[in-house]
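See structure below.
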Amino acid sequence: MSEHNTDTTTRSDTDEQSAEQRRSWTESSGSGTVNIQDLTKVYGDDGDELVAVDGMDLHIEAEEFVTVLGPSGCGKSTVMECIAGYLDPTEGEVLVNDEPVEGPDPSRGVVFQENRLFPWKTISENVRFGPQMRDDVDESRVASLFDQMGLSGFEDAYPHELSGGMQQRAELARLLANDPDIMLMDEPFSGLDAMTKELMQEKLLDVWEDDDRTVLFITHDVEEAILLADRVVVMTARPGQVKDVIDVDLERPRSTDIVTTDRFNELQRRASESIHDEAERAMEQAEGRV
Amino acid sequence: MAYARRLEQSASLLALLAIWAVVTMLVGAIPSLPSPVEVVVAFADAAARSSFWQEVGRSTFRVYLSFAIATVVAIPLGLLIGRSEIFSDLTFPALEVLRPIPPIAWYPALTIILLTPANIVRFIIFLAAFFPILLNTIEGVRGVEEEYPQAARSLGATQFQTMRHVVLPGALPSIYTGLVNAMGLAWVSLVAAELLSSSGLGYFIWNAFTAGEYPNIVVGMIAVGVLGYGSSALLRRLGARAIPWLSAANA
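Chains as they are written, first to last, in UniProt numbering: chain A, 1 to 290; chain B, 1 to 251.
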């Protein structure tokens, strides 16, 4: 995926299959570029202003998997909500496929930490929601999503009857049923226990490797950020800016086993160092010392 | 278990009956106060006449028709007011001024603008049912967390679809509370309005009073109580069916 980035460092393609896959992705004319230009978001009025994001620049290629790593309160969710179209930037702009974002759009799917399945709809109704609104439900696709996400047999259950992990899988299924070009994920797995989280990460990697989608994935978990990404964007403490971009030159397809390799540990150390000072500053902010 | 529960639930009704019987026996000084036995006899008598059932049918139909119209008007209006600040600012103050006026206070004004007594009764019941439904709808809509409409928009739902599939069901538990309250108030104002008109159970009660048939007053009162209770029970049953995700949560 990273061939899209002209500014990336060279890397070794040890996995031939993966290299071949990447070429096929490169050839496909997938849309889904995200261009964040000088993005600034200020909350509140005069005198009581909070600068959440200050002049952030970031370019994400189509079909790239980017994780955003940042301390809590660094404005990473704000950035995502600007891309989703829930928030208007105070200054600067967000371009998707070279067009400015104007409100939410089904080509930009969103998943949050707390599930947003509609409590009044069954799992089946939730998963079908997007296509149903356009009167364009592909039954075989829905069936295979239920199968893929391990939701078969729970079609008629209501969300609250499912475990946290299943709710997140249902939410992911709902997103995929809608076939978005871009998936915006805001700490989707951070509420899950370690085992479930690992399974969800593998699910997500499978899903992404099968399809041509751009993913922007927010997390405060360094290991997760590296495991999933082509590039890890490290953000500063508030006001949020890009502090560092780390190219993850690990082979694809990946599984969670990769976390024990030397290269992984090296990348993890680098990311941890980069974020350490910012986390400290964020903590001071939270305690009101800054 | 279910049997024991039934027994508990009928306890208050039996107590009501007992108090009534004791009061009529003790207070023999008020001979015109009808006893339970006199009322049972009067009811058997009334039940044998089709005119009584006509009044029952007329009143029930009035309540249900006006209630249905109030529902159809108040819910969409409440959805709009709850979702749109502009629409709310434009309409809500006027509605808030009208709301404290007791429905029955409209009677003279409606007579002047040449409505027939039947239409006046319908309109008064409509007013009584309208406000609780409207207010509960608005409250329900404002209680729907913004995350859900946002999610719907991101999945490609139009404004209308978001309203229909997300805001409305999200507000439904509150709307349903409004409907149950509205049904009770509809029966209350029905009787008030019919006391002043010439048909229905309210008229039956008033007529019994003026004719000196005191047991019939109580027959009419009990009929209203039973019909109101039955309407609420029906509504509860429909509500449980319309909000399956909540009954599933309670199961």
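Idealized CB from N, CA, C, for every residue including glycine.
Query: Local conformation of GLN37 of chain A per DSSP, three classes; Result: strand
Query: Own chain partners of SER231 of chain B with C-beta closer than 6 Å, once the 5 adjacent residues on each side are dropped; Result: MET183
Query: Below-9 Å beta-carbon distance, ALA240 of chain B vs any chain A residue; Result: no
Query: Residues of the segment 85-116 of chain A with Cβ closer than 9 Å to any Cβ of chain B, in chain order; Result: GLY85, TYR86, GLY103, PRO104, ASP105, PRO106, SER107, ARG108, GLY109, VAL110, PHE112, GLU114 and ARG116
Query: is_contact[GLU147 of chain B, chain A] using C-beta, thresh 9 Å; Result: yes
Query: Whole-number beta carbon distance between PHE264 of chain A and ILE226 of chain A, since they are thought to touch under 8 Å; Result: 6 Å
Query: Status (buried if at least 16 other CB within 10 Å, exposed otherwise) for TYR176 of chain B; Result: buried
Query: Cβ pair ASP181 of chain A, ARG213 of chain A closer than 9 Å; Result: yes
Query: DSSP-derived helix/strand/coil call for TYR43 of chain A; Result: strand
Query: Closest by C-alpha distance to LEU172 of chain B, when choosing among B:GLU139, B:VAL188, B:GLY200 and B:VAL121; Result: B:GLU139
Query: Residues of its chain near LEU250 of chain A, where Cβ-Cβ distance is below 8 Å and the 5 sequence neighbours each way are ignored; Result: ILE226, ILE258, THR261, ARG263, PHE264 and LEU267
Query: Min CB distance TRP120 of chain A to chain B below 9 Å; Result: yes
Query: Pick from A:LEU95, A:ASP230, A:SER124 and A:PRO106 that is closest to ARG153 of chain B, judged by C-alpha positions; Result: A:PRO106
Query: Beta-bridge pairing of PRO100 of chain A - partner residues as DSSP gives them; Result: A:LEU95
Query: Cβ-Cβ distance between PHE217 of chain A and VAL34 of chain A below 9 Å; Result: no
Query: Residue-level contact to chain B via CB, PHE129 of chain A, 9 Å cutoff; Result: yes
Query: Limits of the unbroken alpha helix (DSSP H) element including GLY78 of chain B; Result: 50-83
Query: Residue environment, HIS165 of chain B, which counts as buried when at least 16 other CB atoms sit within 10 Å; Result: buried
Query: 8 Å CB neighbourhood of PHE118 of chain A in its chain, flanking five on each side removed; Result: GLU125, ASN126, PHE129 and PRO159
Query: Beta-carbon proximity of LEU227 of chain B to THR60 of chain B, cut-off 9 Å; Result: yes
Query: Contact set between the segment 131-142 of chain A and chain B, restricted to residues whose Cβ is under 7 Å from the partner; Result: MET133 and ARG134
Query: Contact set for residue 291 of chain A: own chain, Cβ-Cβ below 7 Å, skip 5 residues either direction; Result: Because chain A spans 1 through 290 in this model, residue 291 of chain A falls outside it and cannot be assessed.
Query: Secondary structure, alpha helix (DSSP H): runs of 4+ residues fully inside the segment 197-259 of chain A; Result: 222-228
Query: Candidates B:ARG142, B:LEU115, B:PRO100 and B:TRP53, of which the one nearest PHE130 of chain B by Cα; Result: B:PRO100
Query: Rounded straight-line distance, which links the Cα of PHE87 of chain B to that of TRP25 of chain A; Result: Since pLDDT at TRP25 of chain A reaches only 38, below the 50 mark, its modelled position is unreliable, and the value read off the structure follows with that caveat. About 49 Å.
Query: Neighbour-count burial assignment, PRO103 of chain B, 16 or more Cβ in a 10 Å radius; Result: buried
Query: Validate contact between the segment 153-173 of chain A and the segment 191-199 of chain A using beta carbons, cut 8 Å, 3 pairs; Result: yes
Query: Residue burial classification, THR158 of chain B (beta-carbon count within 10 angstroms, cutoff 16); Result: exposed
Query: Classification of PRO76 of chain B by the beta-carbon crowding that lies within 10 angstroms, buried from 16 upward; Result: exposed
Query: Span of the beta strand (DSSP E) around ALA118 of chain B; Result: ALA118 of chain B -> not in any beta strand (DSSP E); alpha helix (DSSP H) instead, spanning 117-143.
Query: Beta-carbon gap between ARG49 of chain B and ALA118 of chain B smaller than 9 Å; Result: no
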